[in-house]
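In the numbering used here, the protein residues as written are 340 to 404.
Note that beta-carbon positions come from the ideal geometry of N, C-alpha and C, so glycine has one too.
What follows is a single structure, written as structure tokens, with notes after it.
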């Protein structure tokens, strides 16, 4: 039972932690390189879309070989 809770916490917590770190570090970057997330859900949405697009492109390259 404990491993299920840990797995769920990892699935939910890891993306949230990554967004939090990106949002906190965004102010140290020059203005032209900032990610400019409006809020945490905007950041989560943009990262999710980027990951999905990346995985689709990667999978299509594997199929061609």
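Should the segment 373-385 be called in touch with the segment 351-362, which here means at least 3 C-beta pairs below 8 Å?
yes
Below 8 Å on the Cβ atoms is my guess for residue 395 versus residue 354; work out the distance and round it to an integer in Å.
Incorrect: roughly 18 Å between the Cβ atoms, too far for contact.
Quick one: grab the DSSP three-state call for residue 376.
coil
Where residue 349 and residue 343 are concerned, what is the direct C-alpha to C-alpha distance, given to the nearest angstrom?
10 Å
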